[in-house]
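Colleague:
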Amino acid sequence: MQGVEQIPLLELQGGSKRLAHTVKFLRSFLDWIKDALQSVEPVAPFHKAKSTTSLFNIPPTSDSNNDFKFATRGLIRAIENLHIFSDPNPTDGLQSVVWDTKAYDFLVGECPATAKAALWRQGQLCDATAGLYLVTEGVYQIRGLDLANMSIVRIPGTNGIIIIDCLTSVETARKAIELYQQWHVENNGQEAEIKALFYTHCHVDHFGGASAIVRKAKEQGQTIRIFGPEGFLEHAVSENLYAGAAMSRRSIYMYGMKLPKSPAGQIGCGLGQCTSTGEISLVAPTHYIIQNGDLVDGIEGLQIICQLTPGTEAPAEVNYYLPDYKALCAAENATHTLHNIQTLRGAPVRDARLWSRYLDESITLFGDKIDVVFAGHHWPTWNDDENLVLQFLSEQRDYYAYLHNESLRQINDGQTPLEIAENIQMPPNLSAKTHLQGYYGSISHNVKGVYDKYMGWFNVNPAYLLPLQPTDEATEFVKCMGGNQAVLDMANEYITNENLRFAATLLDKLVFKTQSSVEKDSDIAKQAMATLASVYNTLGWGSENATWRNFYLTGAYELQFGPQKVNLAMSPEALLTLSFDELFDTIAIKIEGPAAFKKPEVYLEKEITIDFMVSDIQQNNKPSAGWHLRLSNAAMTGHAIPYAASLEKPNSGSDLTIWLDHVNLVRLVGATALGRNPDIVDNPYIALTTAGDANAWTKIIALIKLPTVDFNIVIP
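Per this note's numbering, the sequence shown starts with residue 225, numbered consecutively.
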């Protein structure tokens with residue numbers, strides 16, 4: 225095939241024993257989501273302002289009919305009034321609801337004054353009937369059981385299937401495959417045999433239900449192969465390793481996790497509605513896709529052509545083209561919303577240029593061969609004799625390219641991020657397309673992401689080089705504007721004049737000034753917080769971007785009720801997937817530097833060195849491995865060393881040498897990262913042998929400070 229034949233055959237790289245672990249991924253991540261999603265009272269406004277205040281000026285759309293037609297097309301079996309429950313808690317036997325198909329039933333009504341019509345419409349589309357859908361003969365999707373979709377592809381001429389992506393939770397994935405199998409049995413007399421699981425990328429809403437698929441295949445006597453893009457496991461785990469505390473806290477804002485699902489609360493996130501809250505698993509790939517081309521030998525005759533797209537929506541991502549069905553699985557690279565170049569929850573900036581280039585590559589490789597394109601979110605796009613697929617992909621390509629190029633043109637013209645976000649003009653014909661609207665990503669924060677990628681945080685104006693910290697700056701601003709009451713009066717005047725953006729700026733200064741002083745319980749401080757909450761509500765209701773809406777409404781909520789804690793522990797099984805470097809980084813990033821400064825024995829007098837000898841981790845083609853850990857100048861560093869057999873004295877250059885296996889290393893480091901100060905002498909839960917000064921380890925773990933899991937955001 226033209227454009228594909230020249231691509232080398234795909235090589236498959238088998239996973240090692242360590243990578244084959246089926247892990248329970250970040251159970252604590254599940255815990256904080258469950259806590260955050262508990263029902264709360266609707267946020268009440270303190271100040272009435274026009275809720276139609278818009279942060280964007282989007283013209284009428286020209287392709288709305290296809291959206292509703294395509295979102296409901298191919299429905300085979302609907303699921304209504306379904307509550308999916310967790311497995312019984314082993315302690316008390318209780319179950320919790322992890323998914324409710326009726327949660328967004330309120331969206332069937334007319335758009336209220338507390339939402340923008342365009343976002344309300346997107347919510348209706350994302351909340352189209354949950355169930356099993358036919359994409360094209362042989363390709364199916366389960367939609368409406370989680371934030372993402374599960375796609376199922378039949379292997380021609382057999383009773384086998386492959387599954388592409390498997391939702392967030394084990395429970396929703398289990399229900400999804402049950403739904404498909406029920407239909408398959410009714411039409412074929414037997415269950416379909418699950419032959420393989422394919423991941424499109426390394427985000428949890430696409431792999432969290434994997435163990436349900438593996439268990440179902442095992443019940444059938446199948447040992448399935450699991451495919452993922454190169455770097456999948458590394459990025460699936462490491463995204464939460466380094467900035468997990470801050471990212472998790474910010475995610476509560478981005479997804480509106482503590483808001484009620486209601487016309488005045490959370491109405492979705494633009495990419496879908498919300499994530500399920502069940503058991504999250506991670507099953508490592510058995511095979512890694514490391515280059516483009518045909519999957520060698522296919523899957524029992526099913527031809528699959530892979531197109532790696534790293535650095536687009538995820539650092540490890542791949543599109544799958546299915547020639548038998550003329551269908552392209554576009555992973556999360558082409559959805560029915562403008563996506564994030566820089567996500568507001570926090571993550572490395574994505575590359576809009578690469579994103580556009582890979583979409584162009586998809587068009588070049590497969591464009592004239594595609595009858596339908598589907599993705600991990602939203603609904604498919606079909607040609608229908610109008611070449612709509614090529615139009616859809618081309619418009620996505622051009623929009624990301626234009627956003628990138630025009631941002632850089634303005635950067636090179638001396639414009640700052642705020643100026644570019646306010647002044648950028650997008651192509652009018654593309655701006656009318658519903659699949660390019662900023663329901664999830666936005667033009668505003670995406671162009672700032674492009675700036676950040678190329679220029680960093682500094683806008684080059686010296687006035688911004690060394691500003692005061694927020695509370696000090698707020699105090700000085702309020703003083704200059706005449707004091708607390710004067711600022712509150714000014715803010716109310718801006719509210720009356722419907723300049724809510726600047727009203728929020730003034731009130732934010734007043735809140736930070738009063739909440740950082742003895743005035744925090746004063747009437748004026750309470751008025752400032754109440755008024756700012758009202759402004760945030762109104763800004764949220766006027767936002768056409770779902771994540772902006774969630775940020776504003778969550779800010780209003782926390783001004784009234786305070787922040788909510790999150791639990792951030794990584795499970796031992798997840799820690800097993802980490803490299804030495806990553807594993808010890810879970811400790812290194814928790815060393816409290818200033819605390820070390822006060823302890824000469826670990827700061828000035830000498831460095832602390834510990835060697836870890838691990839008997840069952842391969843290193844340099846040898847069955848065992850070593851790691852040299854050092855604490856010096858309050859910084860923890862380390863490097864690989866050869867394994868040395870157990871001796872009665874520590875290794876040369878080491879204060880302490882510890883011999884143990886991989887599982888016990890994870891137990892030791894995992895407990896340490898949680899601040900549990902595990903003893904390495906006579907510990908019944910950790911099997912190890914030591915030689916040298918055991919106090920070396922004690923001195924290190926005494927410096928650990930756990931993250932603040934409920935840090936303030938809207939108050940100092």
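Where is the CB? At the ideal position from N, CA and C, for every residue including glycine.
On a predicted model such as this, the values are computed, not experimentally measured, just so you know.
Does the distance from the CB of Asn557 to the CB of Leu532 come in under 8 Å?
Modeller: Position 333 of the sequence shown holds residue 557. Position 308 of the sequence shown holds residue 532. The answer is no: Cβ separation not under 8 Å.
Colleague: Answer yes or no: do Ile937 and Gln739 have a C-beta to C-beta separation smaller than 8 Å?
Modeller: As a working mapping, residue 937 is identified with position 713 in the sequence shown. As a working mapping, residue 739 is identified with position 515 in the sequence shown. Against a cut-off of 8 Å, the Cβ pair of Gln739 and Ile937 comes out as no contact.
Colleague: Can you list, in chain order, the stretches of the alpha helix (DSSP H) that have 4 or more residues and sit fully within the stretch 426 to 497?
Modeller: Within the stretch 426 to 497, the complete alpha helix (DSSP H) runs of at least 4 residues are 434 to 443, 456 to 462, 468 to 478.
Colleague: What residue range is occupied by the uninterrupted alpha helix (DSSP H) comprising Tyr404?
Modeller: The count along the sequence shown starts at 1 and reaches residue 404 at position 180. It spans 394 to 412 - the alpha helix (DSSP H) in which Tyr404 sits, taken as one unbroken run.
Colleague: Taking the beta carbon of Ala436 as the centre, do at least 16 other beta carbons fall within 10 Å, making it buried, or is it exposed?
Modeller: Mapped onto the sequence shown, residue 436 falls at position 212. That one is buried.
Colleague: Across which residues does DSSP place Leu546 in a beta bridge pair?
Modeller: For the purposes of this step, residue 546 is identified with residue 322 of the sequence shown, where counting begins at 1. Paired residue(s): Ala551.
Colleague: Cutting at 6 Å between CB atoms, please list the residues of its own chain near Leu173, excluding the five before and the five after it.
Modeller: Because residue 173 is not part of the residues shown, which for the chain are 225 to 940, the question remains open.
Colleague: Would you kindly report the start and end of the unbroken alpha helix (DSSP H) that includes Gly764?
Modeller: In the sequence shown, counting from the first residue as 1, residue 764 sits at position 540. Its alpha helix (DSSP H) spans residues 747 to 765.
Colleague: Does Trp921 come out as helix, strand or coil in the three-state DSSP assignment?
Modeller: Position 697 of the sequence shown, counted from the first residue, corresponds to residue 921. Residue state, collapsed to three classes: helix.
Colleague: The beta strand (DSSP E) that contains Glu417, what's its start and end?
Modeller: Stepping through the sequence shown from its first residue, residue 417 is reached at position 193. 417 to 422 is the extent of the beta strand (DSSP E) around Glu417.
Colleague: Hey, how far is the Cα of Ala434 from the Cα of Ala710?
Modeller: Here residue 434 is taken as the residue at index 210 of the sequence shown, counted from 1. Here residue 710 is taken as the residue at index 486 of the sequence shown, counted from 1. About 57 Å.
Colleague: What do you get for Ile924, buried or exposed, if any count of 16 or more other CB atoms within 10 angstroms of its CB means buried?
Modeller: Residue 924 sits at position 700 when you count from the first residue of the sequence shown. It is buried - the Cβ of Ile924 has at least 16 other Cβ atoms within 10 Å.
Colleague: Can you name the residues that DSSP bridges to Phe309?
Modeller: Start at 1 with the first residue of the sequence shown, and residue 309 comes out as number 85. Answer by DSSP bridge pairing, in chain order: Val321.
Colleague: Does the structure place the stretch 342 to 353 close enough to the stretch 660 to 677 that three or more beta carbon pairs sit under 8 Å?
Modeller: Yes, the stretch 660 to 677 touches the stretch 342 to 353.
Colleague: Ignore the nearest five residues each way along the sequence and tell me which others in Phe775's own chain have a CB closer than 6 Å to its CB.
Modeller: Start at 1 with the first residue of the sequence shown, and residue 775 comes out as number 551. Excluding positions up to five away in sequence, the list reads Tyr477.
Colleague: For Gly570, I'd like the list of residues in its chain whose CB is within less than 8 Å of its CB, leaving aside the five on either flank, ordered along the chain.
Modeller: Within the sequence shown, residue 570 is the residue found at index 346, counting from 1. So the list reads Ala467, Ala470, Met471, Arg474, once near-sequence residues are dropped.
Colleague: If I measure Cβ to Cβ from Val409 and keep anything under 7 Å in the same chain, skipping five residues before and after, which residues do I get?
Modeller: Taking the first residue of the sequence shown as 1, we reach residue 409 at position 185. Excluding positions up to five away in sequence, the list reads Glu415.
Colleague: Just how far apart, CA to CA, sit Phe292 and Ala715?
Modeller: Here residue 292 is taken as the residue at index 68 of the sequence shown, counted from 1. Here residue 715 is taken as the residue at index 491 of the sequence shown, counted from 1. Whole-angstrom Cα-Cα distance: 42 Å.
Colleague: Pull the bridge partners of Lys846 from the DSSP assignment, please.
Modeller: As a first step, residue 846 is located in the sequence shown; it is residue number 622 there, counting from the start. Gln843.
Colleague: Could you tell me if Pro874 is buried or exposed, where buried requires 16 or more neighbouring beta carbons within 10 angstroms of its beta carbon?
Modeller: Start at 1 with the first residue of the sequence shown, and residue 874 comes out as number 650. Label assigned to Pro874: buried.
Colleague: Within its chain, find whatever has a CB closer than 6 Å to the CB of Ser668; leave out the 5 residues flanking it on each side and keep chain order.
Modeller: Along the sequence shown, read from residue 1 onward, the residue named residue 668 stands at position 444. Cβ within range, chain order: Ala645.
Colleague: Skipping 5 residues on each side, what residues in its chain have a beta carbon closer than 7 Å to that of Phe590?
Modeller: For the purposes of this step, residue 590 is taken as residue 366 along the sequence shown, with counting starting at 1. Tyr545, Leu552.
Colleague: With burial defined as no fewer than 16 other Cβ atoms inside 10 Å of the residue's Cβ, what is the status of Asp809: buried or exposed?
Modeller: Reading the sequence shown from its first residue, position 585 is the one you call residue 809. Flag for Asp809 reads buried.
Colleague: Is the beta carbon of Pro691 sitting closer than 8 Å to the one on Glu700?
Modeller: On the sequence shown, residue 691 is found 467 positions in, with the first residue counted as 1. On the sequence shown, residue 700 is found 476 positions in, with the first residue counted as 1. Result no, Cβ atoms of Pro691 and Glu700 do not sit closer than 8 Å.
Colleague: Taking 8 Å as the threshold (C-beta atoms), are Glu454 and Ala554 in contact?
Modeller: Here residue 554 refers to the residue found at position 330 when the sequence shown is read from its first residue. Here residue 454 refers to the residue found at position 230 when the sequence shown is read from its first residue. The answer is no: Cβ separation not under 8 Å.
Colleague: Tell me which residues share the same chain as Ala295 and place their Cβ nearer than 6 Å to its Cβ, disregarding the 5 neighbours each side in the sequence.
Modeller: One-based indexing of the sequence shown puts residue 295 at position 71. Same-chain partners within the cutoff: Leu349, Ala352, Trp603.
Colleague: Thinking just about the alpha-carbon of each residue, which of Ala508, Asp622, Arg398 is nearest to the one in Leu583?
Modeller: Here the question's residue 583 lines up with position 359 in the sequence shown. It is Asp622 whose Cα lies nearest to the Cα of Leu583.
Colleague: Can you find the residues in the same chain that come closer than 8 Å, C-beta to C-beta, to Asn305, ignoring five residues on each side of it along the sequence?
Modeller: The count along the sequence shown starts at 1 and reaches residue 305 at position 81. Result list for Asn305: Thr325, Lys326, in chain order.
Colleague: Have a look at Gly877 and Ile834 and give me their C-alpha separation to the nearest angstrom.
Modeller: Indexing the sequence shown from 1 puts residue 877 at position 653. Indexing the sequence shown from 1 puts residue 834 at position 610. Between Gly877 and Ile834, the C-alpha separation is close to 9 Å.
Colleague: What distance in whole Å lies between the Cβ atoms of Glu503 and Val428, which are believed to be in contact at a cut-off of 8 Å?
Modeller: Locating residue 428 in the sequence shown gives position 204, where the first residue counts as 1. Locating residue 503 in the sequence shown gives position 279, where the first residue counts as 1. That belief does not hold up - the Cβ atoms of Val428 and Glu503 are roughly 12 Å apart, past 8 Å.
Colleague: Leaving out five residues on either side along the sequence, give the residues of the same chain with a beta carbon under 7 Å from the beta carbon of Ala812.
Modeller: Counted from its first residue, the sequence shown places residue 812 at position 588. Met860.
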